[in-house]
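S.K.: Going letter by letter, the sequence shown gives residues 1 to 71 in the UniProt record's numbering.
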Amino acid sequence: TLLHCAARSGYLEVVKGLVNLGMDVNAINRLGETPLLAASRAGHYEISRFLMEAGARADKTSIFGEGPIHF
């Protein structure tokens, strides 16, 4: 999703805007990744923190069994 792309790319203000527009912080892409996992994998910890404060679940894992805590 657009939220995954913004989170992965490090665009905090875009992530905030998308969440404020109502995008699902727990949306899953075709690999089972959430925006939180995408941000964590890319090392964007401010975005990860924002997503968790917005309700993102840290217990979700990808189809490969990876979760945000792995990064």
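For glycine and all other residues, C-beta sits at the position ideal for the given N, C-alpha and C.
(1) Can you name, in chain order, every residue of its own chain whose Cβ lies under 7 angstroms from the Cβ of L31, other than the five neighbours on each side?
(2) Verify whether the separation of the beta carbon atoms of L12 and L36 is less than 8 angstroms.
(3) Please report how far the alpha carbon of A58 lies from the alpha carbon of L18, in whole angstroms.
(4) Excluding the 5 residues preceding and the 5 following Y45 in the sequence, name in chain order all residues of the same chain whose CB lies nearer than 6 angstroms to its CB.
(5) With a CB to CB cut of under 7 angstroms and the five nearest residues on each side skipped, what residues in its chain are close to I69?
(6) Can you name, in chain order, every residue of its own chain whose Cβ lies under 6 angstroms from the Cβ of E33, other than the five neighbours on each side?
M.R.: Put simply:
(1) Taken in chain order, the residues that qualify are S62, I63.
(2) If you check the CB distance, L12 and L36 do not come in under 8 angstroms.
(3) Their Cα atoms are separated by approximately 19 angstroms.
(4) For Y45, same chain residues with a beta-carbon under 6 angstroms away, outside a window of 5 residues either side, do not exist.
(5) Counting only Cβ-Cβ distances below 7 angstroms, and skipping sequence neighbours, we find A58.
(6) Apart from sequence neighbours up to five positions away, the residues of its chain that approach E33 with a beta-carbon distance below 6 angstroms are S62, ordered along the chain.
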